[in-house]
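Scroll down for the structure; my scribbles are underneath it.
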Amino acid sequence: MIYTTLKKFISTNRRPSRKSLLIQFLINFAIAVIVLEYQSFNKNNAEYVPQMALFEIDEQTYRQWGSPILTPRDKLKSLIEKAEQGGANVVVVDIDLTWLSDGCFHVPGETPACSPVNFNSDVALGLYLQKLNEEFYEADKYDTPIILLRRTYRLPLDENGGLNTQAFLEKPYSFLEAYVKKEKNVFWTSTFEDGWQLAGLVCEDDHLSVVPSMPLLAAIAQVYSCEDSTRKAAYLIQEFKARLNAWAQSLPCDFKQGTTIAQICQKMDCPDLSISLSETHTIDLAQGTEKIVLTPPDSHLIENYRANKLLTANVDKQIVLIGVTHDIQTKKRDNVYLVANAVDTLLRFGQLNPPAYKTFILLVIMLTLIFAYYSLIKALIFAGIILFLLSGQMLAVALSLMTIQMIYQARPR
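Going from the sequence shown to this note's numbering is simple: count from 1 and add 160.
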């Protein structure tokens, strides 16, 4: 008796055409995608996003400073000091600091190719960064900002003097290495302009090293800076970089094993190479699924200060970016804005976790078939059973689809 009643209830006389089913599926799929994206956007934007400040070396500043090829080191030191005095948590220096003021790389024990110049401003910048770095150990300097410095990594030369494109990038010596010998509050990083990697592999002393990107370190530094201290964030970055390089230093500089962390970890078991940006956002470099999406940050998130007009700046607990926006022939876009966008993306979105696609597709197919083959009352009952079996997953999507189907079936025929 129960079996007969159940069979009669499940049976249906409707026979929708394939074309009708396809159209309904496509409509439902489009609606489901829109709902998911809208839900994700609202969730991510509801989280607290710290404001960023940009100390901008624009065209007016550049010309007033005499249109120098390299950013004057005394001017740069002054900008970092303004950020420190203004209470910044993180200072992101998006200006390459590999070169000395004479425009050359200087390697200890080698004679530089450039003519001698006065290096007083370079020395002053180095001593200032050294002081900030050593304040990590001072009990009353718990709020010293974390400083991120950008440096150059370049391809080595092959036997014929050309670029060896089948080799890892190498690190030229920077004059600031004499002052920042061990990273404590001051950290080396890079922007890795070839695709905005979260972390890149470079060759150093015949083994691999990992260089976390500037946006990733800036996001970590801001997330883990407490209300009145940057000490926890500095500890975490030190530990993170040490963990990455403890693994990388056991690997030779061999292209055959892979050119990215994810490629290498597909061929061998890797240790924990992850970092959490929040309770729900985890960046796992071994997986390689994370990416930085360069979405423009909300205009209210970045406060611009023209460098040549800057006297003081209230940047308390903020991320301060120092970068160049004046016109350079070899550069078609402002690098510092891309860094700002990337930091903003990481802070708002963290890891871009894909939705449960199998559940998503299954739900859309099932609801399409149910509402195509059954009357409204039966369809709602079956849809409720499916939602119960899925433990409420994709609830917003399901409710939206059910509402659309109810309107569709209630339309005048």
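Even for Gly, the Cβ is constructed at its ideal location relative to N, Cα and C.
Residues in the same chain with beta-carbon distance under 8 Å from residue i, minus the five sequence neighbours each way, listed in chain order, please.
{"i": "residue 413", "result": "327, 328, 363, 366, 367, 368"}
{"i": "residue 218", "result": "466, 467, 485, 486"}
{"i": "residue 281", "result": "232, 233, 234, 237, 261"}
Give the DSSP bridge partners of residue i, in chain order.
{"i": "residue 495", "result": "Paired residue(s): none; residue 495 is not in a bridge."}
{"i": "residue 373", "result": "350"}
{"i": "residue 215", "result": "465, 482"}
{"i": "residue 309", "result": "253, 348"}
{"i": "residue 412", "result": "367"}
{"i": "residue 330", "result": "314, 363"}
{"i": "residue 442", "result": "436"}
{"i": "residue 264", "result": "Paired residue(s): none; residue 264 is not in a bridge."}
{"i": "residue 640", "result": "The structure shown has nothing for residue 640, since the chain only spans 161 to 573."}
{"i": "residue 323", "result": "317"}
Express the C-alpha separation of residue j and residue i in angstroms, rounding to a whole number.
{"i": "residue 251", "j": "residue 336", "result": "16 Å"}
{"i": "residue 238", "j": "residue 244", "result": "10 Å"}
{"i": "residue 339", "j": "residue 246", "result": "24 Å"}
{"i": "residue 381", "j": "residue 306", "result": "7 Å"}
{"i": "residue 268", "j": "residue 464", "result": "38 Å"}
{"i": "residue 423", "j": "residue 545", "result": "43 Å"}
{"i": "residue 240", "j": "residue 395", "result": "21 Å"}
{"i": "residue 443", "j": "residue 536", "result": "44 Å"}
{"i": "residue 532", "j": "residue 521", "result": "17 Å"}
{"i": "residue 476", "j": "residue 482", "result": "16 Å"}
{"i": "residue 384", "j": "residue 266", "result": "35 Å"}
{"i": "residue 495", "j": "residue 401", "result": "24 Å"}
{"i": "residue 343", "j": "residue 447", "result": "27 Å"}
{"i": "residue 211", "j": "residue 543", "result": "44 Å"}
{"i": "residue 406", "j": "residue 462", "result": "36 Å"}
{"i": "residue 357", "j": "residue 416", "result": "20 Å"}
{"i": "residue 279", "j": "residue 430", "result": "44 Å"}
Measure from the C-beta of residue i to each C-beta in chain C and report whether the shortest distance is under 8 Å.
{"i": "residue 247", "result": "Protein chain content of the structure displayed is limited to a single chain, and chain C is not contained in it."}
Only counting the same chain, and skipping five residues up and downstream in sequence, which positions put a Cβ closer than 7 Å to that of residue i?
{"i": "residue 315", "result": "323, 324, 325, 327, 329"}
{"i": "residue 290", "result": "339, 340"}
{"i": "residue 386", "result": "392"}
{"i": "residue 375", "result": "452, 499, 502, 503, 506"}
{"i": "residue 389", "result": "302, 303"}
{"i": "residue 489", "result": "Legend: pLDDT at residue 489 = 43, less than 50; position of this residue unreliable, value from coordinates given subsequently. Taken in chain order, the list of residues that qualify is empty."}
Quick one: does the C-beta of residue i sit closer than 7 Å to a heavy atom of the ligand COA?
{"i": "residue 485", "result": "The model depicted lacks the ligand COA and carries no ligand whatsoever."}
Please work out which residues of its chain come closer than 6 Å, Cβ to Cβ, to residue i, disregarding the five sequence neighbours upstream and downstream, and give them in chain order.
{"i": "residue 231", "result": "255"}
Tell me which residue opens and which closes the alpha helix (DSSP H) that residue i is part of.
{"i": "residue 234", "result": "233-245"}
{"i": "residue 294", "result": "280-294"}
{"i": "residue 423", "result": "421-427"}
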